[in-house]
Structure formats: C-alpha cells, structure tokens
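Peer 1: Numbering (the working numbering), first residue to last: 172 to 247.
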C-alpha cells in the first residue's frame with residue numbers, strides 16, 4: 172500500500188478515487204476491512220497534514236476511472 176511505503180500523497184489520492192468507485196457501483200467497504208482502511212486513511216491524514224490531505228483527496232475524487240487505474244499502476 173502506498174501509504175506504508177512513504178507515498179502518502181499517492182495514498183490519499185488513491186483512497187479518494189477508490190471511494191468514488193465504491194460509491195458509483197454501490198459497494199460499501201466490507202466490514203472486515205473497514206477498520207484497517209480507516210486507520211490507513213487516518214495515518215495518511217496525519218502524515219500529510221489536513222490541508223494537503225484535503226487537496227489530494229479532492230484530486231482523487233475528480234479522477235476519471237481510467238486515470239485512477241493508470242495512476243495506481245504507475246511505479247515510483
């Protein structure tokens with residue numbers, strides 16, 4: 172996961188893009204991983220600070236699905 176590899180900006184963007192996808196297809200976060208996901212999001216928020224996290228979250232929510240997938244597959 173990007174957040175655990177020192178890629179907080181990437182993680183924040185992808186967390187938001189994934190949220191949009193889940194909303195679009197009507198699939199909530201499964202209960203058995205919800206706590207872990209929320210913890211990773213909170214850690215990413217703490218790492219980046221509120222303002223930067225919100226900027227990246229908004230960016231991730233604006234990504235089209237194909238752009239989000241391409242971004243997720245980039246190495247770096």
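Virtual Cβ for every residue (Gly too), placed ideally from N, Cα, C.
So what's residue 175 in DSSP terms, helix, strand or just coil?
Peer 2: Low per-residue confidence applies at residue 175: pLDDT is 49, beneath 50, and the placement is therefore not dependable, though the value from the model is reported in the following sentence. In the structure shown, residue 175 sits in a helix (DSSP, three-state: H, G or I).
Peer 1: Please confirm if the stretch 233–241 is in contact with the stretch 183–192, defined as three or more CB-CB distances below 8 Å between the two stretches.
Peer 2: Cβ pair count under 8 Å is three or more, so yes.
Peer 1: By Cβ distance below 6 Å, which residues in the same chain neighbour residue 184 in space, the five residues on each side in sequence not counted?
Peer 2: So the qualifying residues of the chain are 227, 230 and 231.
Peer 1: Which full runs of the alpha helix (DSSP H) of 4+ residues lie inside the stretch 195–244, going along the chain?
Peer 2: Correct list: 202–219, 221–233 and 236–244.
Peer 1: Label residue 219 either buried or exposed according to how many other C-beta atoms from any shown protein chain fall within 10 Å of its C-beta, with 16 as the threshold for buried.
Peer 2: So residue 219 counts as buried.
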